[in-house]
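**Q** Residues are numbered in this note's numbering as their position in the first sequence, beginning at 1, plus a constant of 25. For glycine and all other residues, C-beta sits at the position ideal for the given N, C-alpha and C. Handing you this structure, nothing more for now.
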Amino acid sequence: MRYAQLYVPTRREDPADAEVVSHKLLVRGGYMRMLARGIYSFLPLGWRVLQKIERIIREEMNRAGAQEVLLPSVQPAELWEESGRWSFYGPELLRFKDRKGAAFCYGPTHEEVITDLVRGDVRSYKQLPLNLYQIQAKFRDEIRPRAGLMRGREFIMKDGYSFDVSTEAAHASYEQMRQAYCRTFDRLGLRYRAVEADTGNIGGSLSHEFQVLAHSGEDWVTSCPSCGYAANRELTEVPSSGAPVSAGAEQAASASVETPGQRTVEEVTAFLKVSAQGLVKTVIFCDEADAPFAVLVRGDHEVNEVKVKNLLGGQAVRLARDEEVERLTGAPVGFAGPVGLACPIYADQAVGSILGFVVGGNAKDVHLTGVCHGRDFAVTRWADLRQVEEGDACPRCGATLEFYRGIEVGHIFYLGTKYSKALGASFLDESGASRAMEMGCYGMGVTRIMAAAIEQNHDDDGIVWPVPIAPFEVSLLTIGKVDDALVEAGQALHDGLVERGVEVLWDDREERPAVKFKDTDLVGVPLRLTLGARGLKEGKVEAKWRWSKDVEMIDLASAPEVIAAMILKARS
RNA sequence: CGGGGCGUGGCGCAGUCUGGUAGCGCGCCGGUUUUGGGUACCGGAAGUCGGAGGUUCGAAUCCUCUCGCCCCGACCA
26 MRYAQLYVPT RREDPADAEV VSHKLLVRGG YMRMLARGIY SFLPLGWRVL QKIERIIREE
86 MNRAGAQEVL LPSVQPAELW EESGRWSFYG PELLRFKDRK GAAFCYGPTH EEVITDLVRG
146 DVRSYKQLPL NLYQIQAKFR DEIRPRAGLM RGREFIMKDG YSFDVSTEAA HASYEQMRQA
206 YCRTFDRLGL RYRAVEADTG NIGGSLSHEF QVLAHSGEDW VTSCPSCGYA ANRELTEVPS
266 SGAPVSAGAE QAASASVETP GQRTVEEVTA FLKVSAQGLV KTVIFCDEAD APFAVLVRGD
326 HEVNEVKVKN LLGGQAVRLA RDEEVERLTG APVGFAGPVG LACPIYADQA VGSILGFVVG
386 GNAKDVHLTG VCHGRDFAVT RWADLRQVEE GDACPRCGAT LEFYRGIEVG HIFYLGTKYS
446 KALGASFLDE SGASRAMEMG CYGMGVTRIM AAAIEQNHDD DGIVWPVPIA PFEVSLLTIG
506 KVDDALVEAG QALHDGLVER GVEVLWDDRE ERPAVKFKDT DLVGVPLRLT LGARGLKEGK
566 VEAKWRWSKD VEMIDLASAP EVIAAMILKA RS
């Protein structure tokens, strides 16, 4: 491909509306342009990268036994009413009406459509298992799209769904997909972790996220260097600290102390001259029915809301509002405590191993010291409810966990029969009994992968693409005075590489060398070939990898073979 | 939706407080020059100052309304 013929409008300056590096570089490098917030056009370079990502995904999905389909983006409301999600999904679902006034939505995900498809044609256990996927633009009217492709409203996603006869078979399908995902991200050339994850809104009970490691990631993941345990931070278990100790007769009775204006853990511990480990935080939440309850964690720990939610059977929980706290405790926020509190009290296990601690007094400017659980108040349930912290041990093997920032590029779920039951997707088993299909669903964000790859692979000069997803593998710069000899040599090298299946972008423009160097660095092509008058005289072409400082001089005569071999090696 | 910021040639910005003939850099077009890290010079094209309404002799600038974009919080591939 000749650069002069390619539509690559690069820019010198960062776009004013971009904050994150992938957004800036995708715009500057001529990969994409914004049409509306969270909605982007992909230019030739961007589309090439996306197609490369898609090809790898397709190959791995097909290899794992999944079959590609294409489902409609526009979906009738009735189907969503059947699953119960028409009212549940909220304003994120883009809804509209056709000319007859019938309600439709633009698909944010396709559980309904795929289940509807399968229920119509699959009747027998002999037709299962079935694993179908598609790659397509989704639309989610996000509250706050941001960071370019990292959270767009329209985005390209690979979504897949499996249908099985039993839980065991569904788990096998799930495992197959988990492995296919690992192979996919390996091939994409990304550093990532597959981590245990919360199942969120989609439901189900088994789930992994695939997190590309990058400093700019929004998620925290933990990973054990010793046994391989890895989880989203919000799901990372804290090792059990044993049964709660109980207060003996020697324990001094609790006492009330004046703590005027001291609300936070820092203020109270400093005021009373106790350590944060000697204080217990009482955090008031409300459940789905707006009924309040208290969560107790040690002063130096943080409550993990996901763990609290899961303790209550997965129902939505929220922090109580100030007036709700005041109504329950009879005191302003900052003085809540478990003693005499008329609501369920859930305590983190770490609270069980301390006695004689400080808590709020449920009265303005009052705290209690020397408080003991069991004696001074009853704990409704003990559980692991706190957030893991750096330095915490692996829940499986006890080694110290590592913490990383991650970008979620894939998420797989075991769904069970949630959708098959709601939509009546059933089959007849060997005994002739009708049973609901066991489902799994598997998402992968194609456009987000492109952004995440850049977040992970860039420098001050631009993008540094992993070879498997680079828009071109080689950029050939012919520099110096444009004359017949140079053009001829450039053409020969270009053609020789193309014949050998190498993707070459030949910068044949009449530009100064510096301009070409800047552009190829910005665009991020992995291997740069520089052919100038000097080299031409000596019969050499210079080769340099984008991520390296070293240059190599290659004989022009053998250059096509040598360079094709270099690229072949770099592809895997 | 709440809080903060911003809309001025294609891009990045100044001008707005204190109303008075629309400016700079980059890019673009023509020419000369230069040719290993965005070269230099000359000449040129290009803007209803986001939109609507108002105040005024006069509005990019003041007032009202409105649309769009970015950042911070509740979401997720």
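For tyrosine 206, count neighbouring Cβ atoms within 10 angstroms of its own Cβ and tell me buried if that reaches 16, exposed if not.
**A** buried
**Q** Which residues does DSSP list as the beta-bridge partners of alanine 372?
**A** Leu321, Trp407
**Q** Rounded to a whole number of angstroms, what is the C-alpha to C-alpha distance between glutamate 85 and arginine 208?
**A** 7 Å
**Q** Between which two residues does the beta strand (DSSP E) carrying isoleucine 379 extend?
**A** No beta strand (DSSP E) holds isoleucine 379; DSSP gives it neither H nor E.
**Q** Assign serine 378 to buried or exposed, taking buried as 16 or more other Cβ atoms, counted over all protein chains shown, within 10 Å of its Cβ.
**A** exposed
**Q** Count Cβ pairs between the region 155–166 and the region 174–185 that sit closer than 8 Å; are there 3 or more?
**A** Yes, the region 155–166 is in contact with the region 174–185.
**Q** Identify every residue that forms a DSSP beta bridge with glutamate 567.
**A** Thr555, Met578
**Q** Cα-Cα, which of Val320, Asn257, Leu304 is closest to valine 342?
**A** Val320
**Q** For glycine 259, which residues in the same chain have their Cβ closer than 7 Å to its Cβ, ignoring the five residues on either side in sequence?
**A** A small correction: the amino acid at residue 259 is glutamate; glycine does not occupy that position in the sequence shown. Taken in chain order, the residues that qualify are Asp223, Asn329, Val331.
**Q** With DSSP as the reference, label glutamine 204 as helix, strand or coil.
**A** helix
**Q** Report yes if the C-beta distance between valine 540 and proline 420 is below 9 Å; otherwise report no.
**A** No, these two residues do not count as a Cβ contact at 9 Å.
**Q** Given this structure, state the Cα-to-Cα distance separating glycine 55 from valine 358, to the nearest angstrom.
**A** 52 Å
**Q** To the nearest angstrom, how far is the alpha carbon of histidine 196 from that of histidine 233?
**A** Here the C-alpha atom of histidine 196 lies approximately 13 Å from the C-alpha atom of histidine 233.
**Q** Give the single residue among Val527, Asn387, Cys422 whose Cα lies nearest to the Cα of serine 500.
**A** Of the listed residues, the one whose Cα sits closest to serine 500 is Val527.
**Q** I believe arginine 144 touches leucine 448 by the beta-carbon criterion, under 8 Å. Please report the beta-carbon distance rounded to the nearest angstrom.
**A** 6 Å
**Q** Return the residue from the list Glu414, Ser187, Arg212 that minimises the CA-CA distance to glutamate 79.
**A** For the residues Glu414, Ser187, Arg212, the minimum Cα distance to glutamate 79 belongs to Arg212.
**Q** Starting from isoleucine 78, follow its DSSP beta bridges and name the residues at the other end.
**A** DSSP lists no partner for isoleucine 78.
**Q** How many Å lie between glutamate 103 and aspartate 141 at the Cα?
**A** 11 Å
**Q** Just verifying my parser: in three-state terms, what is the DSSP assignment at tyrosine 186?
**A** strand
**Q** Measuring straight from C-alpha to C-alpha, what distance separates isoleucine 592 and alanine 256?
**A** 35 Å
**Q** Output needed for phenylalanine 402: all residues of its chain with C-beta closer than 6 Å, excluding positions within five of it in sequence on either side, in chain order.
**A** Around phenylalanine 402: Pro363, Val364.
**Q** Between the C-alpha atoms of arginine 525 and alanine 584, what's the straight-line distance to the nearest angstrom?
**A** 11 Å
**Q** Per DSSP, which one or two residues make a beta bridge with aspartate 484?
**A** Gly487
**Q** When the Cα atoms are used, what is the spatial distance from alanine 450 to glycine 441?
**A** 12 Å
**Q** Using three-state DSSP, classify tyrosine 32 as helix, strand or coil.
**A** coil
**Q** Should lysine 443 go down as buried or exposed, given a rule of 16 or more other Cβ atoms within 10 Å for buried?
**A** buried
**Q** Closest to arginine 165 by C-alpha separation, out of Leu119, Glu137, Lys151, would be which residue?
**A** Leu119
**Q** Taking only the alpha-carbon atoms, compute the straight-line gap between glutamine 236 and lysine 125 and give it to the nearest angstrom.
**A** Straight-line Cα distance between these residues: approximately 44 Å.
**Q** Please list the terminal residues of the continuous alpha helix (DSSP H) segment that includes aspartate 146.
**A** Aspartate 146: member of the alpha helix (DSSP H) spanning 136–146, first to last residue.
**Q** With DSSP collapsed to three states, give me the class of proline 363.
**A** coil
**Q** What does a CB cutoff of less than 6 Å around glycine 435 pick up in its chain, not counting 5 residues either side in sequence?
**A** Tyr206, Phe235, Met469
**Q** With DSSP collapsed to three states, give me the class of alanine 478.
**A** Alanine 478: helix per DSSP, three-state reduction.
**Q** What residues are listed by DSSP as bridge partners for valine 307?
**A** The displayed chain sequence assigns threonine, not valine, to residue 307. Partner(s): Leu321.
**Q** So what's arginine 171 in DSSP terms, helix, strand or just coil?
**A** It is a strand residue.
**Q** Among residues of its own chain, excluding the 5 on either side of threonine 545, which ones have a beta-carbon nearer than 6 Å to its beta-carbon?
**A** Ser500, Arg553
**Q** Taking C-beta to C-beta, are serine 187 and tyrosine 371 nearer than 9 Å?
**A** no
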